[in-house]
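Visitor:
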Amino acid sequence: MPTIGCLIVIGSVIGGYTWHGGNLALLWQPSELLIIGGSGVGAFVIMNDWHNLKEALHASFKGFFHSSTSKAEYLDTLLLMNDILKIIKKVGALKLEADMDKPEDSEIFKKYPRVLKKKIPVLFLCDSFRLLISGQSIPSH
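Here it is in structure tokens:
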């Protein structure tokens, strides 16, 4: 699906641009890609030692090609978030405070054991909802 989505986006951009009389040659600027990409890679090399460069390269390949999260885990995470948001809508966010403080004891989280076994995503989810519960705005919004 992502491939089809990318083709639709590229086709729409090119089609719309040419429909309005745009010159496609103006969109293709390889020298600009070299300047921007080379500057970014060069700055990254300057700021890191050899060990960090190897680790970053290894982690990048691992992240792109070897996902440790299955589709079922993604689906369970979305279903968990849906359950949490339904509870917030029905009875209010304050009812979830105990669930966010101790997710391993929460009946909501226990319905999704695949999510519960991943400690870092659960911590992130609980911290995000804890901000919502406390009434503070999330910094990125």
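Positions in the sequence shown are counted from 1; adding 460 to them yields our numbering. We treat Cβ as the ideally placed atom computed from N, Cα and C, and that holds for glycine.
1. Could you check what DSSP says for serine 491 in three-state terms: helix, strand or coil?
2. Is methionine 560 buried or exposed, if buried means 16 or more other CB atoms sit within 10 Å of its CB?
3. Anyone know if the C-beta pair for arginine 574 and glutamate 533 falls short of 7 Å?
4. Could you check where the alpha helix (DSSP H) with alanine 519 kicks off and where it finishes?
5. What does the alpha-carbon distance come out to for the pair leucine 592 and leucine 535?
6. Please list, in chain order, all residues of the same chain as tyrosine 572 whose beta carbon is under 6 Å from its beta carbon, the five residues on each side excluded.
7. Look at the alpha carbon of isoleucine 580 and the alpha carbon of leucine 538, and state the distance between them as a whole number of angstroms.
Guide: This is what the structure gives:
1. In the sequence shown, counting from the first residue as 1, residue 491 sits at position 31. Residue state, collapsed to three classes: helix.
2. The residue given as residue 560 occupies position 100 in the sequence shown. The residue is buried, with at least 16 neighbouring Cβ atoms inside 10 Å.
3. Position 114 of the sequence shown holds residue 574. Position 73 of the sequence shown holds residue 533. Going by C-beta atoms, arginine 574 is nearer than 7 Å to glutamate 533.
4. As a first step, residue 519 must be located in the sequence shown, where it is residue number 59. Going by DSSP, alanine 519 is part of the alpha helix (DSSP H) stretching over 510 to 525.
5. Working through the sequence shown from its first residue, we reach residue 592 at position 132. Working through the sequence shown from its first residue, we reach residue 535 at position 75. One C-alpha to the other measures close to 22 Å.
6. Here residue 572 corresponds to residue number 112 of the sequence shown, with the count starting at 1. Cβ within range, chain order: Asp536 and Leu540.
7. Walking along the sequence shown from the start, residue 580 turns up at place 120. Walking along the sequence shown from the start, residue 538 turns up at place 78. Going from the Cα of isoleucine 580 to the Cα of leucine 538 covers about 16 Å.
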